[in-house]
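Trainee: Sequence positions in the sequence shown follow the numbering used here and run 451 to 730. Beta carbons are placed, not taken as given, at the ideal position from N, Cα and C, and that holds for glycine.
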Amino acid sequence: MITVTMKELLEAGVHFGHQVRRWNPKMKEYIFGERNGIHIIDLQKTQKLFRDALAFIEQYFTEHPNATVLFVGTKRQAQDAIREEAERCGMFYVNNRWLGGLLTNFETVQNSIKKLKDLEAMREDGRYEKLTKKERLRLDRQLEKLEKNLKGIKEMKKLPDIVFIIDVKKEEIAVREANRLGIPIVAVVDTNCSPEGIDYVIPGNDDALRAVRLFASRIADAIIEGRQLGTEGGVITPEPTESETETSWVELLSQQEPIKEEALAESKSDVEEEAGEVSA
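1) Which runs of the beta strand (DSSP E) spanning at least 3 residues fall entirely within the stretch 559–628, listed in chain order?
2) Beta-carbon within less than 6 Å of VAL625's beta-carbon, same chain only, minus the 5 sequence neighbours each way: which residues are those?
3) Measuring CB to CB, does THR732 end up less than 7 Å from GLY680?
4) ILE616 and VAL639: beta carbons closer than 7 Å?
5) What's the C-alpha gap between GLU557 and HIS514?
6) Do you know how far the Cα of ARG533 is from the Cα of ARG591?
7) DSSP state of ALA666, grouped into three classes?
8) What are the boundary residues of the alpha helix (DSSP H) that GLU479 is part of?
9) What would DSSP say about GLU646, mapped onto helix, strand or coil?
10) Sorted by chain position, which residues of the same chain lie with C-beta nearer than 7 Å to ARG668's C-beta, five sequence neighbours on each side aside?
11) Can you tell which of PRO653, ARG547, ASN642, LYS620 has the C-alpha that lies nearest to the C-alpha of VAL636?
12) What does the alpha-carbon distance come out to for the pair GLN494 and GLU621?
13) DSSP three-state call for ALA637: helix, strand or coil?
14) Which residues mark the beginning and the end of the beta strand (DSSP E) in which ILE490 is found?
15) In whole angstroms, what is the alpha-carbon distance linking THR518 and GLU479?
16) Here's the rule: buried if 16 or more other CB atoms are within 10 angstroms of the residue's CB, otherwise exposed. What is ASN425?
17) Please name the residue in LYS580, LEU520, GLU605 whose C-alpha comes closest to that of LYS567.
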C-alpha cells in the first residue's frame with residue numbers, strides 16, 4: 451500500500467498554513483497552533499487523512515483498472531508537478547486555466563478538443579502550407595491557445611471518475627462542477643480554504659513546491675499501484691502499524707533547524723506578498 455511518513459510531510463513543509471489573519475474557521479479542527487503569525491497544520495491528522503485518500507484511490511483502481519483521475523492545479527507552484535505526475539501515471543490534467551463547464555458542459559469542451567486535433571492534423575498533412583501567411587498566423591495563435599488550455603485533457607473521452615485538486619480556493623469552479631456531477635474529490639486543503647464539498651480532505655500546505663510535489667507524486671503512485679494490482683491480480687498490503695518508538699511529529703518539529711524552517715516558510719510569504727499586490 452502506498453503511504454507517507456511523518457518525516458516526509460515535515461521535511462516538505464506540509465505543516466505550514468497561511469497567516470493567521472487569512473484563515474478559514476472551517477479548517478479549525480485541522481490546525482495544531484500557530485508560530486510566528488502562521489497557522490501550523492496538525493500533521494498527525496494530515497498523515498491519517500492523506501493515507502485514507504491514497505487507500506481510496508488505490509482500492510478504486512484495483513477494482514476499476516481503467517478508471518481515470520483528472521489532476522487539477524493551475525497556480526504557478528503546482529503547474530509542473532501536476533503535469534509531470536499526471537503524465538507519469540497516464541492520467542489527465544488541467545494546469546493552466548480551468549475552462550468553465552469543463553465537466554458540466556463536457557460536450558462543448560469536446561468540440562474545442564476536436565478543433566485542436568483538426569489544426570494539428572492540418573499542420574501534419576501539409577494543408578497549412580497552402581494557406582496565406584495571415585491565415586497561418588491566425589491559426590497559429592488559435593492553436594497555441596487551445597494547446598495551452600486543452601493539452602492535458604486532449605485524450606479524455608469521458609468524464610473522470612475522480613478529481614484531484616491542489617488549492618480548492620483557486621479551483622472553486624472545478625469543485626462546484628465535480629460536486630454537481632457527483633464526482634469524488636480528493637484535495638489538498640490549506641488553512642485559508644474551506645473543506646466543504648471535498649470527499650477526501652488532505653489538510654496541508656498547497657503553496658510550497660516540495661509539498662505540492664509530495665502530494666501529487668503519492669497520488670500518482672497510488673494510481674499506478676492500484677491499476678497494477680487490478681490488472682495483474684493481487685491483494686493490497688495492509689498499512690503498516692506505526693512503531694511505538696517513532697518520534698512524534700511535534701518532537702520532530704521542535705528539532706527542525708530554524709534556517710531550514712525559514713526556507714520552507716518562504717513560499718508562504720511569497721504567496722501573501724503576491725496576494726497583497728493583486729488586491730492593491
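Mentor: In terms of the structure at hand:
1) 612–616
2) If you number the sequence shown from 1, residue 625 lands on position 175. Counting only Cβ-Cβ distances below 6 Å, and skipping sequence neighbours, we find VAL618, GLY647.
3) No answer is possible for residue 732: the residues shown for the chain start at 451 and end at 730.
4) Taking the sequence shown and counting its residues from 1, one reaches residue 616 at position 166. Taking the sequence shown and counting its residues from 1, one reaches residue 639 at position 189. Cβ atoms of ILE616 and VAL639: not closer than 7 Å.
5) Locating residue 557 in the sequence shown gives position 107, counting from the first residue. Locating residue 514 in the sequence shown gives position 64, counting from the first residue. One C-alpha to the other measures close to 24 Å.
6) Numbered from 1 along the sequence shown, position 141 holds the residue referred to as residue 591. Numbered from 1 along the sequence shown, position 83 holds the residue referred to as residue 533. Spanning the two alpha carbons is a distance of roughly 22 Å.
7) As a working mapping, residue 666 is identified with position 216 in the sequence shown. ALA666 falls in the helix class under three-state DSSP.
8) As a first step, residue 479 is located in the sequence shown; it is residue number 29 there, counting from the start. No alpha helix (DSSP H) holds GLU479; DSSP gives it neither H nor E.
9) In the sequence shown, residue 646 corresponds to position 196, counting from 1. In the structure shown, GLU646 sits in coil (DSSP, three-state: anything other than H, G, I, E or B).
10) Numbered from its first residue, the sequence shown carries residue 668 at position 218. The answer, listed in chain order, is ILE452, VAL454, LEU504.
11) By one-based count along the sequence shown, residue 636 stands at place 186. When only C-alpha atoms are compared, the closest one is PRO653.
12) Translated into the one-based positions of the sequence shown, residue 494 becomes position 44. Translated into the one-based positions of the sequence shown, residue 621 becomes position 171. For GLN494 and GLU621, the distance between alpha carbons rounds to 26 Å.
13) Start at 1 with the first residue of the sequence shown, and residue 637 comes out as number 187. Residue state, collapsed to three classes: strand.
14) What you label residue 490 is simply residue 40 of the sequence shown in a count that begins at 1. Run containing ILE490: 488–491, per the beta strand (DSSP E) assignment.
15) Your numbering for residue 518 matches position 68 in the sequence shown. Your numbering for residue 479 matches position 29 in the sequence shown. Each residue's Cα considered, the two are about 31 Å apart.
16) The requested residue 425 is not part of the displayed model; the chain covers only 451 to 730.
17) Here the question's residue 567 lines up with position 117 in the sequence shown. The option with the nearest alpha carbon to LYS567 is GLU605.
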